[in-house]
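Here is the structure we will look at.
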Amino acid sequence: MSAGNHLEVDVASIPVKPASAKEVRELEIALIIGTLLRPDVIQEILHPREFTTWVDSLAVAAGALAREKAGYTVAKIAEELGRSETTIRNHLQGKTKAGQLVRETYDMIKTGKLKITIPTPECEETKKKLETVKTTLKELLEKL
Numbered sequence: 014m015s016a017g018n019h020l021e022v023d024v025a026s027i028p029v030k031p032a033s034a035k036e037v038r039e040l041e042i043a044l045i046i047g048t049l050l051r052p053d054v055i056q057e058i059l060h061p062r063e064f065t066t067w068v069d070s071l072a073v074a075a076g077a078l079a080r081e082k083a084g085y086t087v088a089k090i091a092e093e094l095g096r097s098e099t100t101i102r103n104h105l106q107g108k109t110k111a112g113q114l115v116r117e118t119y120d121m122i123k124t125g126k127l128k129i130t131i132p133t134p135e136c137e138e139t140k141k142k143l144e145t146v147k148t149t150l151k152e153l154l155e156k157l
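If you're matching positions, the sequence shown starts at 14 in this note's numbering and goes up one per residue.
The following block contains the structure:
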């Protein structure tokens, strides 16, 4: 659904309690994208200090939370994500900034408050051109 020059992504169908590997992946992706596109997080990203490390930490936190919600043990999560159990626990307990942000995003998904909007200036421009073509076509048809 388009809102002005933004594309809104519907996250209502994202499973908050995944029951399959596919659903775990869907939740994980929603947590990553939803967290990265939050205005407060975008401000953090604008500061380039250790950007790659920070985004990696965010991805691990999202993967850990998605798997925890599916009932995975900390050991299994650590094994799948290639991180230590301590790192996974720290993310899940909100002891890391990434863990806190991902948990907030999860709560927003769960309560229906997460709105993912993606700027799409090209789409708006194309929409205007299409409207012009439609108007011109309508005028031509009326003349016939």
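Built from N, CA and C at the ideal position, the CB exists for glycine as well.
On a predicted model such as this, the values are computed, not experimentally measured, just so you know.
query	result
May I have a chain-ordered list of the alpha helix (DSSP H) segments no shorter than 4 residues that lie completely inside the segment 25-62?	34-49 and 52-58
Can you give the beta carbon distance from E81 to L105, rounded, assuming they're within the 8 angstroms contact cut?	6 angstroms
Could you give the first and the last residue of the continuous alpha helix (DSSP H) run that contains Y119?	K110 to T124
In the DSSP assignment, find the unbroken alpha helix (DSSP H) run with A83 in it and report its ends.	Segment: none, A83 is in no alpha helix (DSSP H) and carries neither H nor E.
My guess is that A88 and E98 are in contact by the Cβ rule of under 8 angstroms, so how many angstroms apart are they, rounded?	6 angstroms
As a quick exercise: from G112, D23 and E155, pick the residue whose alpha carbon is nearest that of D69.	G112
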